[in-house]
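Each remark here refers to the structure printed beneath this line.
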Amino acid sequence: MLTMPAQWEKQDLILLSFPHEETDWAEDLQASLSPFIRIAQAIAYAQAVYILCKDKEKTAALFCSTNNMTFIEIPTNDTWIRDYGYISVRENEKIKLLDFTFDGWGRKFAASLDNQVNSLLHKKGYMSTRVLETMDFVLEGGSVESDGEGTILSTSGCLCNPNRNSGLSKEEIEKKLRQYLGAKRILWLDEGYLAGDDTDAHIDTLARFIDASSIAYVACEDEEDEHYISLKKMKKQLEGFKTKENKPYRLIALALPEAKYSAKGKRLPATYANFLICNHALLYPSYKDKNDTEVHKIFKKLFPDKEIIPIDCLKLIEQGGSLHCSSMQIPH
């Protein structure tokens with residue numbers, strides 16, 4: 016049996032990829048390192064974290080304690096390892112690592128180094144105990160959300176975009192998801208987007224499984240906001256989805272943060288849906304926003320057995336991503 020594990024299942028480790036002076040973070044590198052350090056510390060408190068970096072000695076020196084941390088020198092173009100890191104599946108009770116093609120979100124950005132990360136990690140021996148399979152198919156981790164029971168949640172705006180797998184129909188893409196991820200059901204969102212997002216509407220910025228019968232989603236109640244109509248339509252679609260037991264999903268609204276802008280006046284893709292579930296904790300992005308406190312309470316109710324940890328992600332969204340985008344878990 017083939018399945019893509021849900022994020023809440025037990026994890027062996029989490030991968031992070033740190034910014035360096037040859038990435039887009041170079042202009043303000045020291046400030047940019049801060050959220051990555053905080054994420055690594057929060058994870059390493061109770062589970063292993065592998066940190067990809069340019070200089071492992073310099074990177075290790077950023078931490079007071081390096082317990083549960085492994086530093087690995089691997090060249091990268093960018094930090095968003097959610098999208099170029101391994102996508103894990105479980106087959107016959109064993110984890111298999113899939114190395115999909117990464118094309119820089121539809122050939123928008125350089126990706127040649129990021130596209131080699133998974134094979135290099137395996138060659139260096141860090142993942143050699145797990146089977147690695149290379150796939151001739153463009154797929155980013157942030158574009159697919161799994162409930163661990165055969166249901167995949169995704170967006171047509173990304174997966175069906177001709178800048179990813181040109182020439183493949185929606186039906187052919189579904190066939191690939193069934194073949195590679197063991198998908199039995201695929202729920203497609205056709206609405207929903209975030210201004211400033213370069214991914215063509217990744218699902219991990221819009222709607223996430225909390226469990227097999229619950230979905231947290233981005234909600235906008237401000238009729239003057241540019242997202243209002245699209246996110247209302249997205250909610251309507253979510254309300255029409257059914258669980259495998261043919262029941263409506265429990266839907267949990269996560270307020271869209273107040274508009275955040277870059278120094279040049281570009282709106283940034285702030286979203287609370289970009290949270291990360293770890294073994295011991297739920298890490299969520301905070302934005303010095305009036306909604307931060309309420310979202311914290313929501314996550315506490317949803318994950319009563321986990322520590323709820325906010326990570327200031329204002330710096331991250333300057334480069335178009337947030338907390339979940341910067342990480343990739345490897346299941347047990």
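Remember, my numbering sits 15 above the position in the sequence shown when you count from 1. We treat Cβ as the ideally placed atom computed from N, Cα and C, and that holds for glycine. Since this is a predicted model, take the numbers as computed values, not measurements.
Nearest-angstrom Cα separation, counted from residue j out to residue i
| i | j | result |
| --- | --- | --- |
| Val-310 | Leu-269 | 7 Å |
| His-347 | Gly-280 | 43 Å |
| Glu-273 | Lys-305 | 8 Å |
| Ile-201 | Thr-166 | 6 Å |
| Pro-223 | Tyr-287 | A small fix is needed here, since residue 223 is Arg in this sequence, not Pro. Whole-angstrom Cα-Cα distance: 10 Å. |
| Gly-140 | Leu-30 | 15 Å |
| Tyr-301 | Glu-254 | In the sequence under discussion, the amino acid at residue 301 is Ser, which differs from the Tyr named in the question. Straight-line Cα distance between these residues: approximately 27 Å. |
| Lys-109 | Asp-205 | 33 Å |
| Asn-178 | Cys-68 | 29 Å |
| Met-84 | Lys-190 | 38 Å |
| Ile-52 | Phe-33 | 9 Å |
| Ala-227 | Glu-72 | 42 Å |
| Lys-262 | Leu-168 | 16 Å |
| Phe-124 | Asp-118 | 8 Å |
| Arg-97 | Cys-340 | 5 Å |
| Lys-315 | Gln-26 | 21 Å |
| Ile-188 | Gly-197 | 13 Å |
| Glu-186 | Asp-237 | 36 Å |
| Lys-199 | Leu-271 | 31 Å |
| Leu-192 | Met-150 | 12 Å |
| Ser-143 | Glu-36 | 29 Å |
| Gly-336 | Glu-42 | 17 Å |
| Arg-105 | Ile-225 | 20 Å |
| Arg-265 | Gln-56 | 32 Å |
| Phe-290 | Lys-138 | 30 Å |
| Tyr-101 | Gly-156 | 8 Å |
Exposure label - residue i; buried when at least 16 CB within 10 Å
| i | result |
| --- | --- |
| Ile-58 | buried |
| Ala-61 | exposed |
| Met-19 | buried |
| Asp-70 | exposed |
| Met-343 | buried |
| Leu-136 | buried |
| Ile-1 | With the chain covering 16 to 347 only, the question about residue 1 has no answer from this structure. |
| Ser-10 | With the chain covering only 16 through 347, there is no way to say anything about residue 10. |
| Leu-44 | exposed |
| Asp-162 | buried |
| Asp-114 | buried |
| Thr-220 | buried |
| Pro-325 | buried |
| Asn-82 | exposed |
| Ala-278 | exposed |
| Asn-107 | exposed |
Under 8 Å between C-beta atoms of residue i and residue j
| i | j | result |
| --- | --- | --- |
| Ser-103 | Ile-345 | yes |
| Gly-207 | Pro-284 | no |
| Lys-330 | Ser-158 | no |
| Trp-40 | Gln-334 | yes |
| Asp-307 | Pro-50 | no |
| Lys-257 | Ile-332 | no |
| Ala-63 | Leu-17 | no |
| Ile-66 | Phe-86 | yes |
| Tyr-195 | Phe-152 | yes |
| Leu-298 | Leu-338 | yes |
| Ile-323 | Trp-23 | no |
| Leu-154 | Leu-112 | no |
| Ile-267 | Leu-317 | yes |
| Glu-160 | Lys-259 | no |
| His-295 | Lys-321 | yes |
> Are the stretch 85-93 and the stretch 128-137 in contact at 8 Å, needing three or more beta carbon pairs?
Replying inline: yes
>> Assess contact between the stretch 211-231 and the stretch 165-173, defined as three or more Cβ pairs (one per stretch) separated by less than 8 Å. Is contact present?
In response: yes
>> Across the stretch 247-266 and the stretch 225-233, are there enough close Cβ pairs to call them in contact, namely three or more that are closer than 8 Å?
In response: yes
>> With a threshold of 8 Å, are at least 3 pairs of Cβ atoms found where one atom belongs to the stretch 73-83 and the other to the stretch 128-148?
In response: no
> In the stretch 246-293, which residue ranges form an unbroken beta strand (DSSP E) of at least 3 residues, counting only runs that do not cross its ends?
Replying inline: 265-270
> Which runs of the beta strand (DSSP E), 3 residues or longer, sit entirely within the stretch 80-166?
Replying inline: 84-88, 102-106, 109-116, 146-153, 159-161
> Fully enclosed by the stretch 303-335, which alpha helix (DSSP H) runs are 4 residues long or longer?
Replying inline: 307-317, 329-332
>> Which complete beta strand (DSSP E) runs does the stretch 189-236 hold, if anything under 3 residues is left out?
In response: 200-204, 222-226, 229-234
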